[in-house]
Amino acid sequence: MAAQENAFESALAVFPETVRTELKEVLDEGPVIPAERAASWIDHMSTSVGQLMIWLLPVAASYARVPISNYHVGAVAQGMPRGNSLAHLYLGSNVEFSGQALSFTVHGEQCATNNAWLHGETGLQALAINAAPCGYCRQFLYELTTAKSLNILLKANTNPNDYSYTTNPLTYFLPQAFGPSDLGLTGGLMESESHGLTISSGSNVAQTALQGANASYAPYTKDYAGVALQQNNQTIYVGRYAENAAYNPSMSPLESALALMNMFIPPQAPLNITAAALVEAQADISQKSATEATLASIAPGVTLEHVVAS
């Protein structure tokens with residue numbers, strides 16, 4: 001944990017003192033940079049929003065939980081324009097879990113996108129990453145409502161004091177793409193959803209998971225699903241299922257909840273999960289077995305509360 005704390009402090013240290021102090025205050029509240037703060041820092045640093053996103057990459061990467069690869073990825077997503085044309089920024093990092101299959105890894109791009117989605121964004125304008133997106137993430141991002149207009153920002157070089165970057169559309173990285181429209185769908189991931197699911201009983205954690213299920217994205221299987229995780233301080237984090245036209249890049253509701261939790265707690269802090277619930281619709285697939293298997297490795301002794309909604 002000490003190494004990650006040092007990485008976090010080192011990432012903050014490059015910012016001007018005023019910005020550094022305000023950034024630490026913002027991150028104490030969560031992994032979201034409000035548009036007004038971002039605009040103030042851009043003015044103070046005489047930089048651009050794209051360069052600010054590059055500046056923030058090491059901060060995001062310091063949250064990476066990577067016991068297997070030790071490869072830290074940071075990502076910063078830019079939400080949609082607000083009334084004054086500003087946009088919030090959302091941090092993300094990669095998350096790995098010892099004892100689990102590599103397929104359960106959450107990629108930095110997924111984490112930042114998930115962060116934005118769970119905070120109410122309905123699309124992304126841009127995504128900054130400290131390395132080119134892998135094929136898995138290119139497919140994941142192509143599911144977004146704004147996939148065809150999404151810009152990918154990559155740091156131009158390895159010089160830590162140079163914040164220049166390249167900009168290319170997602171479609172540059174994924175030519176001849178396959179996505180929702182190929183299956184006759186309109187819209188996409190991050191579009192506002194409300195499925196009207198209900199449950200007749202369940203704990204407070206299950207009721208929170210129901211909120212995730214109702215806002216989830218599962219146009220291919222209709223397995224609308226949400227997971228809620230409660231920590232020992234009673235804080236509850238909710239995740240949503242995010243399906244993908246190519247199936248495998250789908251993000252499970254447990255991954256969604258864990259990715260969000262990881263960005264809210266200090267780098268490498270214990271997860272301290274004391275309760276977990278999965279609420280899902282009746283469908284041809286289920287999240288139950290995968291959720292139970294992963295939960296058993298990260299929170300031994302915690303029994304999954306599983307509720308099928310109607």
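Just so you know, full-length UniProt numbering puts the end of the sequence shown at 310, numbered straight through with nothing missing. Glycine included, every Cβ here is placed at the ideal spot set by N, Cα and C.
My guess is that residue i and residue j are in contact by the Cβ rule of under 8 Å, so how many angstroms apart are they, rounded?
i	j	result
Tyr165	Gly50	6 Å
Asp223	Ala283	4 Å
Ala299	Leu271	7 Å
Tyr241	Ala225	4 Å
Gly121	Met80	With the sequence shown as reference, residue 121 is identified as Glu, and Gly is not the correct amino acid for it. So it is a contact: roughly 6 Å between Cβ atoms.
Cys111	Ala75	7 Å
Met130	Leu57	According to the sequence provided, residue 130 is Asn. The question's Met does not apply to it. Confirmed, about 5 Å.
Met263	Gly92	7 Å
Thr146	Gly187	About 11 Å separates the two Cβ atoms, so there is no contact after all.
Thr167	Leu185	At roughly 28 Å, the Cβ-Cβ gap does not stay under 8 Å, so Thr167 and Leu185 are not in contact.
For the ligand NAD, is there any heavy atom lying closer than 7 Å to the beta carbon of residue i?
i	result
Ser297	Only the bare structure without any ligand can be found here, which leaves the ligand NAD out of the picture.
Excluding five sequence neighbours on each side, which residues of the same chain lie with their C-beta closer than 6 Å to the C-beta of residue i?
i	result
Gln139	Ala246, Pro249
residue 330	Past the boundaries of the shown model lies residue 330; the chain is included only from 1 to 310, so the question cannot be answered.
Leu150	Leu124, Leu170
Ser256	Asn114, Gly239, Arg240
His107	Asn94, Cys137
Ala177	Tyr142
Thr208	Ala228, Ile236, Val238
Thr303	none
Considering only their Cβ atoms, is the gap separating residue j from residue i smaller than 8 Å?
i	j	result
Ile54	Tyr163	yes
Thr105	Asn94	yes
Tyr71	Pro31	no
Pro253	Gln287	yes
Gln77	Leu27	The residue asked about is misnamed: residue 77 is Ala in this sequence, not Gln. Contact: no.
Ser201	Ala215	no
Pro175	Glu143	no
Glu62	Ala132	Here the sequence assigns Ser to residue 62, which means Glu is not the residue at that position. Not closer than 8 Å, so no.
Ile273	Gln234	no
Report all residues from its chain with a CB closer than 7 Å to the CB of residue i; omit the five preceding and five following residues, and keep chain order.
i	result
Thr18	His44
Asn261	Looking at the sequence itself, residue 261 is Met, so the reference to Asn does not match. Here the set comprises Leu229, Tyr237, Leu271.
Leu210	Leu197, Ile199, Gly226, Val279, Ala309
Ser192	Thr122
Phe97	Phe104, Thr294, Ser297, Ile298
Val66	His72, Asn94, Glu96
For residue i, name the three-state secondary structure that DSSP assigns.
i	result
Gln51	helix
Val32	strand
Under 8 Å, Cβ to Cβ, is there at least one residue of chain C near residue i?
i	result
Gly50	No chain C is present in this structure, which holds just one protein chain.
Can you name, in chain order, every residue of its own chain whose Cβ lies under 8 Å from the Cβ of residue i, other than the five neighbours on each side?
i	result
Trp117	Leu189, Met190, Arg240, Ala242
Ala13	Arg20
Ala206	Ile199, Ala228, Ala277, Val279, Glu305, Val307
Leu86	Ala35, Glu36, Ala38, Ala39
Ser203	Ala275, Ala277, Glu305
Leu52	Ala38, Trp41, Ile42, Met45, Leu89
Ile285	Thr221, Asp223
**Report entry** Every unbroken alpha helix (DSSP H) within the region 74-161, with a cutoff of 4 residues, ordered by chain
**Finding:** 108-118, 135-141, all fully within the region 74-161.
**Report entry** Completely contained beta strand (DSSP E) runs for the UniProt domain "CMP/dCMP-type deaminase" (200-310), where each covers 3 or more residues
**Finding:** Complete beta strand (DSSP E) runs here, min 3: 225-231, 236-240, 273-281, 304-309.
Requested in this report: Counting only runs of 3+ residues fully inside the region 165-202, write out the beta strand (DSSP E) ranges in chain order.
Outcome: Runs of the beta strand (DSSP E) inside the region 165-202: 165-169.
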